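The structure is reproduced here in structure tokens:
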């Protein structure tokens, strides 16, 4: 069964450094998403991406964040200058909505980001 | 803005018994979708069941079923014949066709052998 993959599984970085989290969505999916989950808290939406542009973003997704689909398979989340409070689990998801319906969002296994 | 509330931070159930997890939501929309996701210790998010708001019939998936009360904005998950592998965090989530999933705070389910 096709699945969303994410690399790395765990990333440790120093405050102020740039990080890039990578995702490979399911190949025929059209919508891509990033969510984050701070330890012990709820899962929060960051951004959705369709047709090579951001379709929706939350207030968390400020100028420090950016997303890109650099080729036909990868979808990346970049954090330009990491802060301690960026430490969280970051989930990538993808979906292929049917016409007039909301399709399931398939989640990757997550990348645990630790900022020291 | 839509909100999703799970009032039970923790629940426990005896193996083979039935447990119900509660979820309420707030929305002014009439057409939307509701989901239950399971998050085991591996932290991967796995879809358990989904419900379209326009459907009156409650969704079922094997041992999992929902009680969807649209007027009350309630969407509870019933797990029958609980198994040890059901132990996980369960998140209720809402989507009104805007692509963004809004999650509740989660309920940790423990299954006692």
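Chains as they are written, first to last, in my numbering: chain A, 1258 to 1373; chain B, 45 to 157. We put the beta carbon where it would ideally sit given N, CA and C, even for glycine. Remember, it's a predicted structure, so these values are computed and weren't measured experimentally.
The C-beta of residue 1362 of chain A comes closer than 8 Å to at least one C-beta of chain B. Residue nearest to residue 1307 of chain A within the set A:1352, A:1363, A:1292 is A:1352 (criterion: CA-CA distance). Judged by DSSP in its simplified three-state form, residue 125 of chain B adopts coil rather than helix or strand. Under DSSP, residue 154 of chain B shares a beta bridge with B:56. About 5 Å separates the beta carbons of residue 124 of chain B and residue 62 of chain B, which is inside the 8 Å limit, making them a contact pair.
Neighbours of residue 1288 of chain A across chain B, judged by C-beta separation under 8 Å: 143. Counting only residues of its own chain and dropping the five nearest sequence neighbours on each side, residue 1337 of chain A has a CB closer than 7 Å to the CB of 1275, 1321. For residue 1322 of chain A, there are no C-beta contacts with chain B under 7 Å, since the nearest C-beta of that chain is about 15 Å from it.
For residue 152 of chain B, no chain A residue has a C-beta closer than 8 Å to its own C-beta; the minimum C-beta separation is roughly 10 Å.
Of the residues B:128, B:51, B:77, B:126, the one whose Cα lies closest to the Cα of residue 100 of chain B is B:77. DSSP places residue 139 of chain B inside the beta strand (DSSP E), whose first and last residues are 132-139. For the 8 Å CB-CB criterion, residue 1334 of chain A and residue 1268 of chain A do not form a contact. Scanning A:1288, A:1329, A:1266, A:1339 for the CA closest to the CA of residue 1373 of chain A turns up A:1339. Rounded to whole angstroms, the separation of the alpha carbons of residue 1304 of chain A and residue 1329 of chain A is 19 Å.
Residue state for residue 70 of chain B is assigned as strand, using DSSP reduced to three classes. A contact is defined here as three or more CB-CB pairs under 8 Å, and the region 122-140 of chain B meets this definition with respect to the region 63-74 of chain B. When secondary structure is reduced to three states using DSSP, residue 1287 of chain A falls in the coil class, being assigned neither helix nor strand. Between residue 55 of chain B and chain A, the shortest Cβ-Cβ separation is not below 8 Å. Using a Cβ-Cβ cut-off of 9 Å, residue 88 of chain B is close to 1348, 1364, 1365, 1366, 1367 of chain A, given in chain order. Non-local beta-carbon contacts of residue 128 of chain B in its own chain, meaning distances under 7 Å to residues more than five positions away in sequence, involve 59, 155, 157 in chain order. The alpha carbon of residue 130 of chain B has as its nearest neighbour, out of B:97, B:52, B:149, B:85, the alpha carbon of B:85.
For the C-beta of residue 1305 of chain A, the chain B residues within less than 8 Å are, from N- to C-terminus, 143, 144.
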